[in-house]
């Protein structure tokens, strides 16, 4: 009985160690480069690194002059939209529509 419990504990520990090493190998790439980002990401970072205002400085926030449609333009329509498959929700149309 003790042998069975020890084998189960050893399997559990080995599985956790294997999961940690595989998670470290599959790290996501760095997304700090603005050219790699897509969608609604800004083309340049808002602030450069290390530009925290000194204490006591008055920080003024100015609203944007752009409308939301100008700031985040919708994507261009496709030529055609195929019918959605099971579990698919983007880039397709529902049956009967």
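In this note's numbering, the protein residues as written are 211 to 307.
Glycine is no exception: its CB is placed at the ideal position from the N, C-alpha and C atoms.
Remember, it's a predicted structure, so these values are computed and weren't measured experimentally.
In the DSSP assignment, find the alpha helix (DSSP H) that holds residue i and state where it starts and stops.
i	result
residue 254	Segment: none, residue 254 is in no alpha helix (DSSP H) and carries neither H nor E.
residue 280	278 to 281
Under the DSSP definition of a beta bridge, which residues are partnered with residue i?
i	result
residue 305	Answer by DSSP bridge pairing: none, since residue 305 is not bridged.
Does residue i come out as helix, strand or coil in the three-state DSSP assignment?
i	result
residue 289	coil
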